[in-house]
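Using my numbering, read the sequence shown as starting at 35 and increasing by one per residue.
The beta-carbon is built from N, C-alpha and C at its ideal position, and this holds for glycine as well.
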Amino acid sequence: MSLFKLAQYSALVFLIKRHRSKIYRWLSIAVFILISYWLVSDLEQYVAQAYPAAMLYWLVGKALLLYLGLAVLLWQLRPRVRAGAVRKVEPERSVDVVQNNDRLEQFRDLNAHAELPSRSQQIVDKNRS
Numbered sequence: 035m036s037l038f039k040l041a042q043y044s045a046l047v048f049l050i051k052r053h054r055s056k057i058y059r060w061l062s063i064a065v066f067i068l069i070s071y072w073l074v075s076d077l078e079q080y081v082a083q084a085y086p087a088a089m090l091y092w093l094v095g096k097a098l099l100l101y102l103g104l105a106v107l108l109w110q111l112r113p114r115v116r117a118g119a120v121r122k123v124e125p126e127r128s129v130d131v132v133q134n135n136d137r138l139e140q141f142r143d144l145n146a147h148a149e150l151p152s153r154s155q156q157i158v159d160k161n162r163s
C-alpha cells in the first residue's frame, strides 16, 4: 500500500468519524426516500389501472404522505443539545449606540495615521534587523 493511499484512507476515516451523525442522517433520509418512492410507485400503478378517475387524489395524497414522513424522520434525527453543553449567549448591546451604516465612516481617520506599512514591508524590515 502506498503512502498516498494510506493518507487518503486515514483522511476518509477521520472525516467519517468526525461527521458520523450527519452522514447517518443523510443516509437514512436517502434510504427513506428511495424505499418510499419504490413502494408508492407500485401503488400508483395499481391505482392508475383500477381507478383512473382517482389519480389526482392519489397524487396529492402521495405527496402529503411522503413529505409528512420526511418531516417525521427529520424531527426524529434532529441534533440534540447535550446535558453538559453550554449555549453561546451573545452579549447585550447597549441601546444608546447608534450604528452608522456609512461605508466610508471607517476610513475617516486615515489622514491622522502615518503611512500604513504593507505586510511585505514589515517582513523586509524584520529581516534587516
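I'd like to know whether the C-beta atoms of Leu111 and Ser62 end up nearer to each other than 8 Å.
yes
Please return the same chain residues whose Cβ sits closer than 6 Å to the Cβ of Leu100, not counting the five positions on each side in sequence.
Ser70
Start and end of the alpha helix (DSSP H) containing Glu78?
From DSSP, the alpha helix (DSSP H) with Glu78 extends over 54–84.
Over the uninterrupted alpha helix (DSSP H) stretch that includes Asp159, give me the two end residues.
Note, Asp159: alpha helix (DSSP H), 153–162.
For Phe48 and Gly103, what's the separation of their Cα atoms in angstroms?
Phe48 and Gly103 have their C-alpha atoms roughly 32 Å apart.
Which residue wins for smallest C-alpha separation from Arg114, given the options Ser44, Ile157, Gln155, Lys56?
Measuring C-alpha to C-alpha distances from Arg114 to each of Ser44, Ile157, Gln155, Lys56 identifies Lys56 as the nearest.
Check this for me: beta carbons of Glu78 and Trp92, under 8 Å apart or not?
Remark: C-beta atoms of Glu78 and Trp92 approach each other more closely than 8 Å.
Taking Ala88 and Val81 to be in contact with their CB atoms under 8 Å, please state how far apart those CB atoms are, rounded to whole angstroms.
That belief holds up - the Cβ atoms of Ala88 and Val81 are roughly 6 Å apart, short of 8 Å.
Can you tell me the Cα-Cα spacing of Leu10 and Val74, whole angstroms?
Because the chain spans 35 through 163 in this model, residue 10 falls outside it and cannot be assessed.
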